[in-house]
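Just add 11 to wherever you are in the sequence shown, counting from 1, and you've got the working numbering. Where a beta carbon is used, it is the ideal one built from N, C-alpha and C, also for glycine.
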Amino acid sequence: MSTKKITKNPPATAKKASKAKATRTAKTKAAASAKTPKDATPPKAKADARPKKLSAIDAAAQVLAETGQAMTCKELIEAMASKGLWASPAGKTPHATLYAAILREITHKGDQARFQKTERGKFASANLGG
12 MSTKKITKNP PATAKKASKA KATRTAKTKA AASAKTPKDA TPPKAKADAR PKKLSAIDAA
72 AQVLAETGQA MTCKELIEAM ASKGLWASPA GKTPHATLYA AILREITHKG DQARFQKTER
132 GKFASANLGG
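What follows is the structure, given as structure tokens:
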């Protein structure tokens with residue numbers, strides 16, 4: 012009786028292992044040389060690019076500061092659209108999204124928030140103390 016050990020995958024010989032390593036190294040070097048160098052300068056941005064659009068909450072803060080009175084979120088959305096500051100990108104309830112964003116800012120920023128809640132469903136600019 013023989014005591015040979017039977018394995019499914021015999022170990023690679025030293026010659027095969029070194030050849031595989033050389034192939035991996037060559038592929039890695041080729042891939043590295045194909046990449047652009049880190050010191051390459053990106054294309055320059057256009058100097059006359061459009062100004063960055065306001066977010067809904069930034070536009071709401073601007074409207075409240077200009078009007079100086081407390082408004083509901085539905086009123087804010089209408090005012091922002093009429094002034095051309097922000098328009099809903101086909102959302103069904105932009106007033107609810109704005110309401111949540113304003114409450115989140117008040118909760119997280121506390122005294123540094125741009126808004127204050129004056130009564131149920133109404134907000135005013137914190138700078139005016141409305």
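- Secondary structure note for K120: its alpha helix (DSSP H) is the uninterrupted segment 105 to 120.
- Around the C-beta of Q123, fewer than 16 other C-beta atoms lie within 10 Å, and the residue is accordingly described as exposed.
- Annotated three-state conformation of A135 is strand, per DSSP.
- Each of T129, A71, G132 was checked against the Cα of K94, and the nearest Cα belongs to A71.
- Contact annotation: V74 and L109 have beta-carbon atoms that are not nearer than 8 Å.
- Taken through DSSP and simplified to helix, strand or coil, Q127 comes out as strand.
- Note that the C-beta distance between A81 and T129 is below 8 Å.
- In terms of Cα proximity to L65, the closest of R131, K85, S99 is S99.
- Using a Cβ distance threshold of 8 Å, A137 and Q127 count as a contacting pair.
- Under a 10 Å Cβ-count criterion, R125 is classified as buried, with 16 or more other Cβ atoms of the shown protein chains found around its own Cβ.
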